[in-house]
Structure formats: structure tokens, C-alpha cells
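J.: So the protein sequences, as listed, match chains L and F. Residue numbers 31 to 141, in our numbering, belong to the letters of the first sequence in order. Residue numbers 983 to 1325, in our numbering, belong to the letters of the second sequence in order. Cβ atoms here follow ideal geometry from the backbone N, Cα and C, with glycine treated the same way. What follows is a structure written as C-alpha cells; I'll ask about it next.
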Amino acid sequence: MDGSPLDCSGTVTAERNASVILKIERLGGIAGFGGPNLKSEGEYALADLSAADQERVEALFAGRTKSRSRPPADGFRYRITRSSNGAVQSVEVPEDLVPQPLIASVKDSLR
Amino acid sequence: MTCQCQIIPDDVLKRLARDKTIPDAERKALLDTAAVGAEIRKLRDQAASLSRLTMAMALDPVSVPPAPAITVNDCHHGQVLPGTPIAKPDSSSDKSVKGAFNETKAVADFYQSIFGRNSIDGQGMTLGSSVHYGRNYNNAFWNGSRMAYGDGDGNLFVDFTGSTDVIAHELTHGVTQYSLQLDYADEAGGLNESLSDCFGSMFRQWRAKQDVHAADWLIGKEIMGPGARAKGFICLRDMADPGAKHCLAPQPATYGKIKPGMDPHYSSGVPNLAFCNIAKSIGGNSWEVAGRIWYQAMTAFKPSPHMRMRTFANRTRSLAKKMFAADRSVFMAVNDGWKSVGL
Chain L
31 MDGSPLDCSG TVTAERNASV ILKIERLGGI AGFGGPNLKS EGEYALADLS
81 AADQERVEAL FAGRTKSRSR PPADGFRYRI TRSSNGAVQS VEVPEDLVPQ
131 PLIASVKDSL R
Chain F
983 MTCQCQIIPD DVLKRLARDK TIPDAERKAL LDTAAVGAEI RKLRDQAASL
1033 SRLTMAMALD PVSVPPAPAI TVNDCHHGQV LPGTPIAKPD SSSDKSVKGA
1083 FNETKAVADF YQSIFGRNSI DGQGMTLGSS VHYGRNYNNA FWNGSRMAYG
1133 DGDGNLFVDF TGSTDVIAHE LTHGVTQYSL QLDYADEAGG LNESLSDCFG
1183 SMFRQWRAKQ DVHAADWLIG KEIMGPGARA KGFICLRDMA DPGAKHCLAP
1233 QPATYGKIKP GMDPHYSSGV PNLAFCNIAK SIGGNSWEVA GRIWYQAMTA
1283 FKPSPHMRMR TFANRTRSLA KKMFAADRSV FMAVNDGWKS VGL
């Protein structure tokens, strides 16, 4: 990813997003997801998100999105990693900023 | 914040609204969202400004209720807070609704009768809970103004209102918010989580009329689902043995093992064990001596968002000396308890 996700019309470049896979990890919560015994992971193709949700994801990676208030105590956080053409980039954000399809993609399990 | 909204920057909303490839109805909704968001920000800024002003002037509210009102809402498996209000939660046939109401009321009674605190803010603030949050949602949280409880997925976890210590844990995050105002990262985050575990466990013991030796010191025992139990996990955390194999989230037991950036639910194991050791050494009921020291350390000082664990430990040492001047064994127990975890 080159850090300039929008073209001049403001739409996400579809062909660039076609090959991008998002890896999603749920972290924290009162049970401490992401620790030695408990994991929650999923994957989602960026191109399968709606245009608005693709914009949300781009905004997260660009650091343009901020939560309306401090994250809830015991609230979940999500680490979203995108891989494209060998480049890997991650962000970690509270649940209220994550598009619903990405939240729904993770599955809780024991390690 | 009363809803878990997904926030998009205004510039993105407006740019999308200009995109003619997006249907008209969606573009209008995007513009509406930008407009509402701007107004909400104005309201929030005004509320914050008013709070700062009244706190600076130390104004008392016009009328303080003698005990907090308790309300319960039903999210119907959605993730929008607060959900539908329940008219009579105390007589509901829904176990989660009734449980959230009864235990929240009991936590309010606990704070009032043991520590003389009127609700989480000390001013009779209404205690709101939202149950059936999300679908198969494996969590409970305090969002800054109310508690939310998931039902669990039925395998790893079951109904999060099922553990009394979990309910007191979430409410204590509210007490911390209105007292020490600890951050939720680094050592302050670990202290924040530990205070919720300590008061959660004390409440569970108080509810069960258990002294420090009868108590099991487990956190989240009743929310563990059959899949987790089948693997030998009987609790989230064990305050008496933070690294035990029966913990779903085993924690470090000594200060030297805390790593920078560690999740607060793990670093809290150190002050948790210190509290447990201190309470056991003193004996009797945890809330009568150790609990009172912890409560003073949390509520009788100015906010310390970035507090270090050593600072908190030293504060409890000073309080033990001052509050129990006639009984030096209390100070010795506190001092030894912290030393046992490297603080």
C-alpha cells in the first residue's frame, strides 16, 4: 500500500483493493483475548466490503479515525493487518471503529 | 458515549456523499451522519466544559438521591446501547435482566454499607445495565456511563451476568473513573484492572459471607462455558495463584515480569496477588481492613491517570500506618504483601 488510497474522485481504487486480504484479531475484553489460551481471529477480503466500509478501513490505516470517547474499560480492541504485494501493515483500534463485517468475521476459540 | 457508533471523519463522509456512484439514499444518509456528528461533538464539548467548571467550583448537585436508581435495558442481541428499557427488572422472568438488577443493587448496597459511597460517583448516579448485548458476545464492559453484558457463545463462556464478581468488576471501573481516573494502559491500566478484580472479589465474598480463608479468590468462575471447563479452565483469573494452569488468562505474579505494553488484564495479576496475600495475612473479612485501605487509596486522593504500581503500593503502606495506627500488624501485612510480589 502506498498510503494514498483515494483517487481524485474520492472513490477507493477497486483494482488495488481486489487482492488485499485483511487479517483481524480480537484482543482484550474482560477475559484477555490474545493471551496464551484464548484467541479470536478471522480474515476478510477488502474488496468484499461495501465502499463505505472500505473507506472506514482506509481511514483507520491512515490514522484519520478517532474514537468518540476513551475506549470502554474491558472493551475489545482489534488488530487489523493488511497484506498486499508483500507489504504488511497493522493497526490496533477499539471496537466502535471497526466495520461490522470485520467484527463478524472473527471466531473465538482456545489455543 | 451512549452508543458504540462507528465513527468516520467528516471529510470522508462528505467526500463519499459527493460520489455519484453511490446511491442517492446512501449519499443523503452520509450527509445526515456528518451533520449529526457535528452537533454531537458540540454537545460533548459543552458537557465536558460544564463538568470541568462544576468540578473546579466544587458545586454540589441540587438534590442527591439517598441511593442510586437501578435500571436495566435489553439490547436484544444488537450492539446499540442502551437498548430497550425494562419496566420492572426486579420481577422479570428473564434471568439476565433480574440477575443484573439484583446484583447491581447489591453492589450499590456493598459500596454504601461498607465504604459509605453513594453509587459510583458518590452522588447517587443511576446505575444502568444493558443485557443480551451482541450475538454470542463473549464479554462484559463499562463504556464510561453504563455496564453491558453479553450472553456468551454457550461454549467458551455463558451469560456474563452470572458471576457476581464480574458485575462488581464492571461497576468498579465506574468508581475508578470518578476517583483515581486511571488510564487503561501500562502500569496504570494494570492497577485499574486490579482494583476492579479486588472489589469484584470482595463483593463476591461479602455476598457469600466468606472470610479470606473460605474465599476461592477466583474471578469469573460462573461465566466459564462447558468448552473451557472441559479443557481444565475453571476461571478467568485466580487472585491467589495468578499463573495457575486452571486460569484462562494466566498472569505474572511478580513485578519484574510485567512487560511494557502488556494488556492490563495480565499485568493486574501482580497487585491482585499482593492484595490477596495482604488480606489473608490480616485475616477475617477482606473488606473490613485491606478493603478499607484499598478504598481510601482509590478515592481519597486527587486523580492520578498515570499512576505507577509502586506509588500505589507505597500509598497503601502509608494508609495502613495511619488508619490502623494501634495495630502495627496491619502495616506489616501490607508491607510484606507488596514485597512478596517485588514491590
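With which residues is Phe982 of chain F paired in a DSSP beta bridge?
T.: Since the first residue shown for chain F is 983 and the last is 1325, residue 982 of chain F is missing from the structure and cannot be characterised.
J.: Could you name the residues that DSSP lists as bridge partners for Cys1217 of chain F?
T.: On the second sequence, residue 1217 of chain F is found 235 positions in, with the first residue counted as 1. Note: Cys1217 of chain F sits in a beta bridge opposite F:Cys1229.
J.: May I ask which residues mark the beginning and end of the alpha helix (DSSP H) holding Arg1211 of chain F?
T.: Stepping through the second sequence from its first residue, residue 1211 of chain F is reached at position 229. From DSSP, the alpha helix (DSSP H) with Arg1211 of chain F extends over Pro1208 to Ala1212.
J.: Which of the three DSSP states, helix, strand or coil, is assigned to Asn1084 of chain F?
T.: One-based indexing of the second sequence puts residue 1084 of chain F at position 102. Asn1084 of chain F falls in the helix class under three-state DSSP.
J.: Would you say Pro102 of chain L lies against chain F (beta-carbon separation less than 9 angstroms)?
T.: Within the first sequence, numbered from 1, the residue matching residue 102 of chain L stands at position 72. Taking Cβ atoms only, chain F reaches closer than 9 angstroms to Pro102 of chain L, which makes this a yes.
J.: Considering only their Cβ atoms, is the gap separating Val87 of chain L from Pro129 of chain L smaller than 9 angstroms?
T.: The residue given as residue 129 of chain L occupies position 99 in the first sequence. The residue given as residue 87 of chain L occupies position 57 in the first sequence. The answer is yes: Cβ separation under 9 angstroms.
J.: Just grab the DSSP bridge partners of Phe106 of chain L for me.
T.: Here the question's residue 106 of chain L lines up with position 76 in the first sequence. Looking at the DSSP assignment, Phe106 of chain L forms a beta bridge with L:Gly58.
J.: Buried or exposed, going by whether 16 or more other CB atoms sit within 10 Å of the CB of Phe1283 of chain F?
T.: Within the second sequence, the letter at position 301 stands for residue 1283 of chain F. It is exposed - the Cβ of Phe1283 of chain F has fewer than 16 other Cβ atoms within 10 Å.
J.: According to DSSP, Val123 of chain L sits in a beta bridge with which residue or residues?
T.: The residue given as residue 123 of chain L occupies position 93 in the first sequence. BP columns for Val123 of chain L point to L:Tyr108.
J.: Kindly list, in the order they appear in chain F, the residues whose Cβ is closer than 7 angstroms to that of Pro66 of chain L.
T.: Translated into the one-based positions of the first sequence, residue 66 of chain L becomes position 36. Near Pro66 of chain L (Cβ distances below 7 angstroms), the residues of chain F are Pro1232.
J.: At which residues does the alpha helix (DSSP H) containing Asn1174 of chain F begin and terminate?
T.: Indexing the second sequence from 1 puts residue 1174 of chain F at position 192. Element bounds for Asn1174 of chain F: Asp1168 to Arg1189.
J.: For Glu85 of chain L, which three-state DSSP category applies?
T.: Reading the first sequence from its first residue, position 55 is the one you call residue 85 of chain L. Helix.
J.: Below 8 angstroms CB to CB, which residues in the same chain sit around Glu138 of chain L once its five sequence neighbours on both sides are set aside?
T.: The residue you call residue 138 of chain L lines up with position 108 of the first sequence. Strictly speaking, residue 138 of chain L in this sequence is Asp, with Glu absent from that position. Excluding residues within five positions, the ones whose Cβ falls inside 8 angstroms are Arg56, Phe63, Leu68, Lys69 and Ser70.
J.: Would DSSP call Glu1270 of chain F helix, strand or coil?
T.: Translated into positions along the second sequence, residue 1270 of chain F becomes position 288. Reduced to three states, the DSSP call for Glu1270 of chain F is coil.
J.: Excluding the 5 residues flanking Gly1067 of chain F on each side, which residues of the same chain have their C-beta closer than 6 angstroms to its C-beta?
T.: Residue numbering aside, residue 1067 of chain F sits at position 85 when the second sequence is read from its first letter. Before going further, note that residue 1067 of chain F is Pro rather than Gly in the sequence given. Excluding positions up to five away in sequence, the list reads Asn1055.
J.: Who are the neighbours of Lys1213 of chain F on chain L, taking C-beta pairs under 7 angstroms?
T.: For the purposes of this step, residue 1213 of chain F is taken as the residue at position 231 of the second sequence. Within 7 angstroms Cβ-Cβ: Leu140.
J.: Return the bridge partner residues of Gly72 of chain L from the DSSP annotation.
T.: On the first sequence, position 42 is the one that residue 72 of chain L refers to. Answer is L:Ile54.
J.: Could you spell out the range, first to last residue, of the beta strand (DSSP E) harbouring Gly1110 of chain F?
T.: Start at 1 with the first residue of the second sequence, and residue 1110 of chain F comes out as number 128. Unbroken beta strand (DSSP E) run through Gly1110 of chain F: Leu1109 to Val1113.
J.: CB Met1184 of chain F to CB Trp1269 of chain F, shorter than 9 angstroms?
T.: Here residue 1184 of chain F refers to the residue found at position 202 when the second sequence is read from its first residue. Here residue 1269 of chain F refers to the residue found at position 287 when the second sequence is read from its first residue. Yes, the pair counts as a contact, with Cβ atoms nearer than the cut-off.
J.: To the nearest angstrom, report how far apart Thr1015 of chain F and Arg1128 of chain F are at their CA atoms.
T.: The sequence position of residue 1015 of chain F within the second sequence is 33, counting from 1. The sequence position of residue 1128 of chain F within the second sequence is 146, counting from 1. Unreliable positioning characterises Thr1015 of chain F in this predicted model, as indicated by a pLDDT of 49, which lies under 50. A coordinate reading is not provided.
J.: Quick check on DSSP: helix, strand or coil for Pro1067 of chain F?
T.: Here residue 1067 of chain F refers to the residue found at position 85 of the second sequence. Residue state, collapsed to three classes: strand.
J.: By the three-class DSSP mapping on this structure, what secondary structure does Ser1101 of chain F have?
T.: As a first step, residue 1101 of chain F must be located in the second sequence, where it is residue number 119. It is coil, neither helix nor strand.
J.: Run down chain L in chain order and give the residues with a C-beta less than 9 angstroms from the C-beta of Ala1210 of chain F.
T.: Within the second sequence, the letter at position 228 stands for residue 1210 of chain F. Near Ala1210 of chain F (Cβ distances below 9 angstroms), the residues of chain L are Asn67, Leu68 and Leu140.
J.: Which whole-angstrom value describes the C-beta separation of Pro1050 of chain F and Leu1109 of chain F, a residue pair presumed to lie in contact below a C-beta threshold of 8 angstroms?
T.: Your numbering for residue 1050 of chain F matches position 68 in the second sequence. Your numbering for residue 1109 of chain F matches position 127 in the second sequence. Their Cβ separation, rounded to whole angstroms, is 5 angstroms, which keeps Pro1050 of chain F and Leu1109 of chain F in contact under 8 angstroms.
J.: From the beta carbon of Lys1166 of chain F, is the nearest beta carbon of chain L less than 9 angstroms away?
T.: Numbered from 1 along the second sequence, position 184 holds the residue referred to as residue 1166 of chain F. In the sequence on display, residue 1166 of chain F carries Tyr and not Lys. So yes, Tyr1166 of chain F belongs to the interface.
J.: Does Phe106 of chain L get closer than 9 angstroms to chain F when you measure Cβ to Cβ?
T.: Translated into the one-based positions of the first sequence, residue 106 of chain L becomes position 76. Taking Cβ atoms only, chain F reaches closer than 9 angstroms to Phe106 of chain L, which makes this a yes.
J.: For Val118 of chain L, is the classification buried or exposed, using 16 other Cβ atoms within 10 angstroms of its Cβ as the cut-off for buried?
T.: In the first sequence, residue 118 of chain L corresponds to position 88, counting from 1. With fewer than 16 Cβ atoms within 10 Å of its Cβ, Val118 of chain L is classed as exposed.
J.: With DSSP as the reference, please indicate the residues paired to Ala117 of chain L in a beta bridge.
T.: As a first step, residue 117 of chain L must be located in the first sequence, where it is residue number 87. Answer by DSSP bridge pairing, in chain order: L:Ser114.
J.: If we call anything under 9 angstroms between Cβ atoms a contact, is Ile110 of chain L one with Val121 of chain L?
T.: On the first sequence, position 80 is the one that residue 110 of chain L refers to. On the first sequence, position 91 is the one that residue 121 of chain L refers to. Yes, these two residues count as a Cβ contact at 9 angstroms.
J.: Compare the C-beta of His1151 of chain F with all C-beta atoms of chain L and state if any pair is closer than 9 angstroms.
T.: Stepping through the second sequence from its first residue, residue 1151 of chain F is reached at position 169. Taking Cβ atoms only, chain L reaches closer than 9 angstroms to His1151 of chain F, which makes this a yes.
J.: Report the residue from F:Asp1193, F:Cys1057, F:Asn1084 and F:Pro1048 whose alpha carbon sits nearest the alpha carbon of Gln1094 of chain F.
T.: If you number the second sequence from 1, residue 1094 of chain F lands on position 112. Of the listed residues, the one whose Cα sits closest to Gln1094 of chain F is F:Pro1048.
J.: In whole angstroms, what is the alpha-carbon distance linking Ser49 of chain L and Ser80 of chain L?
T.: Residue numbering aside, residue 49 of chain L sits at position 19 when the first sequence is read from its first letter. Residue numbering aside, residue 80 of chain L sits at position 50 when the first sequence is read from its first letter. If you take the alpha carbons of Ser49 of chain L and Ser80 of chain L, they lie about 15 angstroms apart.
J.: Answer yes or no: do Ile51 of chain L and Gly1202 of chain F have a C-beta to C-beta separation smaller than 9 angstroms?
T.: Position 21 of the first sequence, counting from 1, holds the residue named residue 51 of chain L. Position 220 of the second sequence, counting from 1, holds the residue named residue 1202 of chain F. In this structure, Gly1202 of chain F does not lie closer than 9 angstroms to Ile51 of chain L by Cβ.
J.: Starting from the Cα of Lys1239 of chain F, find the closest Cα among F:Leu1325, F:Met1314 and F:Ser1263 and give me that residue.
T.: Position 257 of the second sequence, counting from 1, holds the residue named residue 1239 of chain F. Among F:Leu1325, F:Met1314 and F:Ser1263, the Cα nearest to that of Lys1239 of chain F belongs to F:Leu1325.
J.: Have a look at Gly1319 of chain F and Val1312 of chain F and give me their C-alpha separation to the nearest angstrom.
T.: Here residue 1319 of chain F corresponds to residue number 337 of the second sequence, with the count starting at 1. Here residue 1312 of chain F corresponds to residue number 330 of the second sequence, with the count starting at 1. Going by the C-alpha atoms only, they are around 10 angstroms apart.
J.: Which of the three DSSP states, helix, strand or coil, is assigned to Asn1296 of chain F?
T.: If you number the second sequence from 1, residue 1296 of chain F lands on position 314. Looking at Asn1296 of chain F - three-state DSSP - the assignment turns out to be helix.
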